[in-house]
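Undergrad:
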Amino acid sequence: MYRRFGSNLLNFLRCVLLICAAGVACASSAGVDSVVTLRAKYASLDEALRQNQFKRPLVLDSVETPNRLQGDIYAVIEHPFGVVSAGLDHPDHWCDVMILHVNTKYCHATVGPSGTVLKVYVGKKTPEELTFVPHIEFIYSVAAATPNYLEILLQAQDGPMGTSDYRIQLQAVALANDKSFLHLTYSYATNFAGQLAMQTYLATLGRGKVGFTVTGKGANGEPAYIGGVRGVVERNTMRYYLAIDSFLQFTNAAPTAQLEKRLQAWFTAIERYPRQLHDLDQGAYLEMKRAEYLRQQTVQ
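When we follow this note's numbering, the leftmost residue of the sequence shown carries the number 2, and every step to the right adds one.
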């Protein structure tokens, strides 16, 4: 009996080891596939990255379906992959990224039963008390982290004003000459109530605001840009991308100087695209963000 038990236990352990090995192999294979896919995308965008309206190696796409909006940015960034990985492979660092966005009022990372959660309050482009600001709870996960590839996922089931199924995905791969290639996806779903709220916004506060996709030429010969909800998602995708880039620029700066340098860098970056992204003057933005960052460090 004991011999049979020992034989069965040995077989069981062999099965466990085989399953674990298969899992590691699958994960490794998935990571290799992601690297290959992202590098292929980089190669296919060579011309667009070199010549575009952004005057930097960046390509922006957006998609609108009946119930979903998505923005994608592909960009070459002037940061070694090691800096990218060390900077973004940490939930607290993502809060430092998020707070640069003009609409982010507060961000805090906690670890709970469902994993690491970023509680992000998203409001107006003016100072607000958190009591009146809706929030989104993003589940933070590291999908892959290897010496030359990083993939981070932020996912939220619910959002404000009829939005849901939020997804922020960052992929990065190492390039030559201490550069990295980055893919950022920002998407969410909307229901009827959310679509109605967006229509109201576009008819009032959002009237005249545009995105980056060129749809033709205006009567004056200047480019005509996409408006509506695609314009909204393109602006927000760009704001998040510029926040990531501004955060990474100063990872090696003195800790006491990092916030101010990042705020200045983010504001300078968005002002390169005033038609789409200008909302506040520099003084108002800096004053608001300094106060919000202080609140983020002191309020739990």
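Don't be surprised by glycine CBs; every beta carbon is placed ideally from N, CA and C.
#1: Who does G116 pair with in a DSSP beta bridge?
#2: Take the Cβ of P148 as the centre, count every other Cβ of all protein chains shown within 10 Å, and call the residue buried at 16 or more, exposed below.
#3: My output table needs one value for L281: the three-state DSSP class, helix, strand or coil.
#4: Under a three-way DSSP split, which group does R1 fall into?
#5: Can you check which of these residues, K106, L59, L70, Q158, is closest to F133 by C-alpha distance?
#6: Can you list, in chain order, the residues of its chain whose CB lies under 7 Å from that of G195, leaving out five sequence neighbours each side?
#7: For T238, is the classification buried or exposed, using 16 other Cβ atoms within 10 angstroms of its Cβ as the cut-off for buried?
#8: State buried or exposed for Q172, treating a residue as buried only when at least 16 other CB atoms are found within 10 Å of its CB.
#9: Buried or exposed for E293, please, with buried defined as at least 16 other CB atoms from any protein chain shown within 10 angstroms of its CB.
#10: Can you give me the start and stop residues for the alpha helix (DSSP H) that P92 sits inside?
#11: Work out the CA separation of C108 and R57 for me, nearest whole Å.
#12: Once you ignore the five residues that flank L203 on each side, which residues in its own chain have a CB closer than 7 Å to its CB?
#13: Any idea what DSSP makes of T299, helix, strand or coil?
TA: Judging by the given coordinates:
#1: Bridge partners of G116: G113.
#2: By the beta-carbon neighbour count (other beta carbons within 10 angstroms, threshold 16), P148 is exposed.
#3: In this structure, L281 counts as coil in the three-state DSSP scheme.
#4: This structure gives no information on residue 1, because the portion of the chain shown stretches from 2 to 301.
#5: The shortest Cα separation from F133 among K106, L59, L70, Q158 belongs to K106.
#6: Correct list, in chain order: M162, G163, T164.
#7: Flag for T238 reads buried.
#8: By the 10 Å Cβ count, Q172 comes out buried.
#9: Per the 10 Å Cβ criterion, buried.
#10: Unbroken alpha helix (DSSP H) run through P92: 92-99.
#11: Each residue's CA atom was taken as its position, placing R57 and C108 some 29 Å apart.
#12: Excluding sequence positions up to five before and after L203, its CB lies within less than 7 Å of the CB of G229, all in the same chain and listed in chain order.
#13: In this structure, T299 counts as helix in the three-state DSSP scheme.
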